[in-house]
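S.K.:
Protein chains: 2
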Amino acid sequence: MIKLLSGKGIEADMKKETFSISEFAKSTGVSVRTLHYYDEKNILKPKRDEHTGHRVYEQEDMIQLHKIMTMKFLGMSLDEIKDYMQTDIFDLSFIDTLRLQESKLIKDKEQIDIALDAIQRTAYLLENEKEVDHAVLISLLASMQNEKKQEELAKGIIKDDVMKKMFPQTAKEKMIFEQGLLIFYKRVKKHFGKSADDPEVQQMLDDFYRLILKVMGMDSLKELTDIFSLNIEDKENEERIEAYVQEIERLVPSPITEEEEAWLGKITTDYMGPLWDEEEGEN
Amino acid sequence: MIKLLSGKGIEADMKKETFSISEFAKSTGVSVRTLHYYDEKNILKPKRDEHTGHRVYEQEDMIQLHKIMTMKFLGMSLDEIKDYMQTDIFDLSFIDTLRLQESKLIKDKEQIDIALDAIQRTAYLLENEKEVDHAVLISLLASMQNEKKQEELAKGIIKDDVMKKMFPQTAKEKMIFEQGLLIFYKRVKKHFGKSADDPEVQQMLDDFYRLILKVMGMDSLKELTDIFSLNIEDKENEERIEAYVQEIERLVPSPITEEEEAWLGKITTDYMGPLWDEEEGEN
DNA sequence: CTTGCGCCTGACGTAACGTGAGGTGATATG
DNA sequence: CATATCACCTCACGTTACGTCAGGCGCAAG
Chain C
1 MIKLLSGKGI EADMKKETFS ISEFAKSTGV SVRTLHYYDE KNILKPKRDE
51 HTGHRVYEQE DMIQLHKIMT MKFLGMSLDE IKDYMQTDIF DLSFIDTLRL
101 QESKLIKDKE QIDIALDAIQ RTAYLLENEK EVDHAVLISL LASMQNEKKQ
151 EELAKGIIKD DVMKKMFPQT AKEKMIFEQG LLIFYKRVKK HFGKSADDPE
201 VQQMLDDFYR LILKVMGMDS LKELTDIFSL NIEDKENEER IEAYVQEIER
251 LVPSPITEEE EAWLGKITTD YMGPLWDEEE GEN
Chain S
1 MIKLLSGKGI EADMKKETFS ISEFAKSTGV SVRTLHYYDE KNILKPKRDE
51 HTGHRVYEQE DMIQLHKIMT MKFLGMSLDE IKDYMQTDIF DLSFIDTLRL
101 QESKLIKDKE QIDIALDAIQ RTAYLLENEK EVDHAVLISL LASMQNEKKQ
151 EELAKGIIKD DVMKKMFPQT AKEKMIFEQG LLIFYKRVKK HFGKSADDPE
201 VQQMLDDFYR LILKVMGMDS LKELTDIFSL NIEDKENEER IEAYVQEIER
251 LVPSPITEEE EAWLGKITTD YMGPLWDEEE GEN
């Protein structure tokens with residue numbers, strides 16, 4: 001609620017009329033240096049004592065300073081504020097300025113929201129996993145950072161229904177999926193080099209396969225692998241897909257080394273081969 | 001969703017191993033100057049070509065840069081980032097850093113929310129009122145800016161039940177009240193100097209009185225005026241109230257001049273006198 | 001007479017780069 | 001072969017909104 005009447009307003013003539021800079025600073029809450037700065041920048045220039053050269057602030061300056069503080073609070077720069085310090089009346093044109101500030105602030109806020117979300121998800125993962133390879137965590141964080149952009153990019157090449165299946169939707173789904181990925185990559189780094197026959201490697205791939213199926217479903221997974229296997233002779237599409245992969249690589253670094261990736265590619269084909277056949281047989 | 005496997009991972013050895021600074025800049029999206037800066041600040045120091053002195057970036061630098069970008073996205077400073085560039089594994093201690101970042105971001109976000117709220121309310125007022133005296137608008141904005149602080153301060157001297165009545169609660173209430181105030185202050189400035197008998201002045205006070213009653217109710221209003229009239233001899237309380245008024249005056253500048261305030265005080269007592277008697281008579 | 005206070009004016013430091021200015025080795029062109 | 005262009009280098013100042021000394025002045029008290 002706004003202040004209405006401060007006291008009786010009768011003994012007003014008793015009020016102190018002028019302030020030294022330190023008094024003014026104390027009573028307004030801004031620093032002396034800030035007042036010096038506003039003076040220097042011609043934003044708030046008080047009278048001077050002719051003899052001593054000391055700054056002399058008056059009630060009017062108090063109002064002006066409040067104006068400055070208020071517009072700063074709205075997120076404007078001192079340069080922008082300076083332009084508004086001349087006018088005594090705000091009219092409709094000020095709305096444009098407000099709307100501009102509004103959109104800036106909304107943008108900032110969106111960034112903060114994305115960062116906060118990423119922080120919370122990362123903290124959750126770290127609490128459960130204790131130690132995580134930095135490349136893996138960075139990859140995850142980069143992925144969170146660009147979730148929206150990634151979805152937009154994906155829209156260009158993947159059908160809507162697959163899209164919906166492809167990206168985990170709820171916060172819970174995301175957490176499950178991300179933790180599964182972390183564990184998977186940990187094991188990739190641990191078992192790197194072993195044969196596809198190794199039981200631990202088998203277990204790793206089994207778990208990973210199940211994780212993917214949990215979030216995507218079998219049909220979407222097949223569509224997706226079809227898209228990326230590139231055995232369809234569709235030049236135009238091929239270029240789009242190439243560009244997509246490039247862009248994603250730029251946005252999200254790989255969580256594993258090239259050697260690990262090559263090894264993973266090899267054992268995956270060894271592992272998937274029979275599975276695909278099995279599925280095909282069922283059709 | 002995170003990138004899983006980019007291509008077959010077989011032809012990986014064909015990849016370009018090194019980049020010039022401009023190539024590196026283009027493929028990562030950061031500026032050349034930024035890379036220079038990171039080098040200068042010992043945050044990312046690539047190899048050098050012995051002969052030409054040119055910077056030579058490798059795959060490893062790509063990973064490091066992604067790490068930097070990611071931590072920047074989380075809101076960390078380059079100094080803080082530098083400390084984390086050495087470690088290869090994130091453990092539980094990183095959670096503390098995350099939590100710290102989190103609280104910083106939450107604080108920033110709260111500020112933005114307050115500013116956004118104020119902007120929207122101000123824009124609404126301006127759209128309806130077209131032109132508003134700057135002192136009035138500044139006062140309103142300052143008041144919005146400090147709503148929370150004002151409520152906390154008020155808690156010290158006003159009873160809870162009155163408090164609840166005193167501050168408009170819903171957004172709609174706030175808008176109605178604020179617009180009423182704007183209109184009131186406009187008329188104060190317009191009719192300043194006129195007698196309390198003037199019909200326009202009467203109308204102004206009537207409307208204002210009704211506005212206050214609308215948000216507060218009669219009983220709360222009386223309690224409030226009792227508190228501020230200071231005719232109760234309660235030294236301790238008096239000091240607290242004095243301090244409260246001082247602090248509010250510091251936070252929220254008056255929307256009207258001292259002369260206007262004095263005039264308003266006078267006609268208010270002229271106006272309220274009979275009203276109070278009337279009410280007292282009813283008891 | 002000196003000490004201290006409050007004020008003054010420079011002037012440099014901050015964060016994370018942007019933006020030239022001027023110089024060098026390598027390549028492309030007349 | 002001379003030169004123009006290119007990509008790179010380093011140096012260095014500009015930016016925002018102040019914080020933080022450093023040195024100096026006038027005035028009052030001890």
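If you're matching them up, the sequences are chains C and S in order. With the UniProt record's numbering, the residue at position 91 of the first sequence is 91, and numbering never jumps. With the UniProt record's numbering, the residue at position 30 of the second sequence is 30, and numbering never jumps. Backbone N, C-alpha and C define an ideal beta-carbon position, used for all residues, glycine too. Bear in mind the structure is a predicted one, so any value in this text is a computation, not a measurement.
1. In chain S, what lies closer than 7 Å to C/H66 by C-beta?
2. Can you look up C/K130 in the DSSP assignment and give me helix, strand or coil?
3. According to the neighbour-count rule (16 or more other Cβ atoms, all chains shown, within 10 Å of its Cβ), is C/R99 buried or exposed?
4. In chain C, what lies closer than 9 Å to S/A243 by C-beta?
5. Any chance you could list the alpha helix (DSSP H) runs of at least 4 consecutive residues sitting entirely within the stretch 109-188 of chain C, in chain order?
6. Please list, in chain order, the chain C residues whose beta carbon lies closer than 7 Å to that of S/M21.
7. Pick out whichever of C/I43, C/I89 and C/D96 has its Cα sitting closest to the Cα of C/I81.
8. Which residues mark the beginning and the end of the beta strand (DSSP E) in which C/V56 is found?
9. Report yes or no: is there a C-beta of chain S within less than 9 Å of the C-beta of C/Y271?
10. Could you tell me whether the Cβ atoms of S/R55 and S/S20 are closer together than 9 Å?
11. Could you give the uninterrupted runs of the beta strand (DSSP E) lying entirely in the UniProt domain "HTH merR-type" (18-87) of chain S, keeping only those of 3 residues or more?
12. For a cutoff of 9 Å on Cβ pairs, would you count C/D61 as touching chain S?
13. Alpha carbon to alpha carbon, what distance is there between S/E60 and C/E173?
14. Of the choices C/V245, C/E50, C/D88 and C/D226, whose alpha-carbon is the least far from that of S/A135?
15. Tell me the DSSP secondary structure of C/E249 in three-state form.
16. According to DSSP, S/I89 sits in a beta bridge with which residue or residues?
17. If you follow the alpha helix (DSSP H) that S/I256 is in, where does it begin and where does it stop?
18. With a threshold of 6 Å on Cβ separation, who are the neighbours of C/S254 within its own chain once the five nearest residues in sequence on each side are excluded?
19. Report back the beta-carbon spacing between C/V188 and C/L264 to the nearest angstrom; my notes put them in contact at under 8 Å.
20. Using C-beta distances below 6 Å, list every residue in its chain close to S/E129, excluding the 5 sequence neighbours before and after it, in chain order.
21. Whose Cβ in chain S lies nearer than 8 Å to the Cβ of C/H134?
22. Please report the straight-line C-alpha distance between C/S220 and S/I138, rounded to a whole angstrom.
23. Determine, for C/F73, whether the minimum Cβ-Cβ distance to residues of chain S falls below 9 Å.
24. Looking only at its chain, what residues have a beta carbon closer than 8 Å to the beta carbon of S/G217, apart from the 5 residues adjacent to it on each side?
25. Using a C-beta to C-beta distance shorter than 8 Å, which residues of chain C count as neighbours of S/L116?
26. Quick one: which chain S residues come within Cβ less than 7 Å of C/S27?
27. Take C/Y271 and list the residues in its own chain whose beta-carbon comes closer than 7 Å to its own, dropping the five residues that flank it on each side.
28. Taking the straight line between their C-alpha atoms, what separation do you get for C/L74 and C/H36?
29. On the DSSP letters alone, give me the boundaries of the alpha helix (DSSP H) that C/F208 sits inside.
30. What is the DSSP secondary structure of S/K190, counted as helix, strand or coil?
31. Could you tell me if S/E261 is buried or exposed, where buried requires 16 or more neighbouring beta carbons within 10 angstroms of its beta carbon?
32. Would C/T70 and S/A142 be called neighbours here (beta carbons separated by less than 9 Å)?
33. What residues in its chain sit with their C-beta under 7 Å from that of S/V252, if we drop five residues either side in the sequence?
34. Since S/L211 contacts S/F177 with CB under 8 Å, what's their CB separation in whole angstroms?
35. What does C/F24 touch in chain S if you count any residue whose Cβ is under 8 Å from its own?
36. Assuming contact is defined by CB atoms lying nearer than 9 Å, are C/G180 and C/D161 in contact in what I supplied?
M.R.: Concretely, from the data shown:
1. I138, A142 and P253
2. The three-state secondary structure of C/K130, taken from DSSP, is coil.
3. exposed
4. For the C-beta of S/A243, not a single chain C residue is nearer than 9 Å; the gap to the nearest is close to 13 Å.
5. Taken in chain order, the complete alpha helix (DSSP H) segments of 4 residues or longer contained in the stretch 109-188 of chain C are 134-145, 147-155 and 160-166.
6. In the sequence as displayed, the identity of residue 21 of chain S is Ile instead of Met. Within 7 Å Cβ-Cβ: nothing; S/I21 doesn't reach chain C, min ~17 Å.
7. C/I43
8. R55 to E58
9. no
10. yes
11. If we require 3 residues or more, the beta strand (DSSP E) runs fully inside the UniProt domain "HTH merR-type" (18-87) of chain S come out as 55-58.
12. Residue-level contact check: C/D61 does not touch chain S, since none of the beta carbons of chain S fall below 9 Å from its beta carbon.
13. 32 Å
14. Measuring from the Cα of S/A135, the nearest candidate turns out to be C/D88.
15. Helix, per DSSP.
16. Looking at the DSSP assignment, S/I89 forms a beta bridge with C/D133.
17. Counting along the chain, no alpha helix (DSSP H) covers S/I256, and no H or E run does either.
18. none
19. 6 Å
20. The beta carbon of S/E129 is closer than 6 Å to those of L182 in its chain, skipping five residues each way along the sequence.
21. K67, T87, D88, I89 and F90
22. 58 Å
23. yes
24. K165
25. Residues of chain C whose Cβ lies closer than 8 Å to the Cβ of S/L116 are, in chain order, E102, L105, I106 and K109.
26. R250
27. A196 and L205
28. 22 Å
29. Boundaries of the alpha helix (DSSP H) around C/F208: P199 to M216.
30. helix
31. Label assigned to S/E261: buried.
32. yes
33. S139, A142, S143 and N146
34. The Cβ separation is near 7 Å, so the contact holds.
35. Near C/F24 there are no residues of chain S at all, since even the closest Cβ is about 12 Å away, more than 8 Å.
36. No, the pair does not count as a contact, with Cβ atoms beyond the cut-off.
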